[in-house]
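Trainee:
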Amino acid sequence: GRGIRGDRYFDHKDNYKGQITFFDYDVYETVKREFDLPDLEASAFRRNVLVRGAPLSELIGKNFSLGELEFEGVEEAAPCYWMNEAAADGVHDFLKGKGGLRARILVGGELRKGSGTISLVP
């Protein structure tokens, strides 16, 4: 894969580990609640896809699908230090271990809201 058209990392480099990033919607909601940030936009986390109910950390080293697309889970998407500025003091530390998932795109296509559920690919 090459990444997501229009994303700052599209065609970044061959075999790039962060062609697409996933973030847990429940973590997003928890940050809003715990840090009293009701207006915090999901885009502040700089992840491509928000998912609900998928154990992202368990997808590291595994191939999985979402809709017709397939991915390889590569590593945790570590939170950036600037989250304290983009959101609030303490958010960076709170997100350690919950920063999301970096993945490679194995089979591309179109991804839309409600594209389905994440499933492991044998």
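If you read the sequence shown in this note's numbering, its first letter stands for residue 93, the second for the next number, and so on. Backbone N, C-alpha and C fix where the C-beta goes; we use that ideal spot for every residue, glycine too.
So, are the CB atoms of Ala169 and Gly145 less than 8 Å apart?
Mentor: Not closer than 8 Å, so no.
Trainee: So, at 7 Å on beta carbons, what are the nonlocal neighbours of Glu167 in its own chain, with the 5 sequence-adjacent residues on each side left out?
Mentor: Only Lys109, Ile152 and Arg194 meet the Cβ criterion.
Trainee: Measuring straight from C-alpha to C-alpha, what distance separates Ala179 and Asp106?
Mentor: Rounded to the nearest angstrom, the two C-alpha atoms are 32 Å apart.
Trainee: Which value, in whole angstroms, describes the spacing of the CA atoms of Pro130 and Glu164?
Mentor: Each residue's Cα considered, the two are about 33 Å apart.
Trainee: Apart from the five residues on each side of it in sequence, which residues of its chain come closer than 8 Å, Cβ to Cβ, to Ser149?
Mentor: Contacts found: Glu168, Gly189 and Leu193.
Trainee: Once DSSP output is grouped into helix, strand and coil, what is the label at Arg138?
Mentor: In this structure, Arg138 counts as coil in the three-state DSSP scheme.
Trainee: In whole angstroms, what separates the C-alpha of Arg139 from that of Phe115?
Mentor: Going by the C-alpha atoms only, they are around 6 Å apart.
Trainee: Quick check: the Cα distance between Leu132 and Lys124, rounded to an integer number of angstroms?
Mentor: Using only the alpha carbons, I get a separation of about 6 Å.
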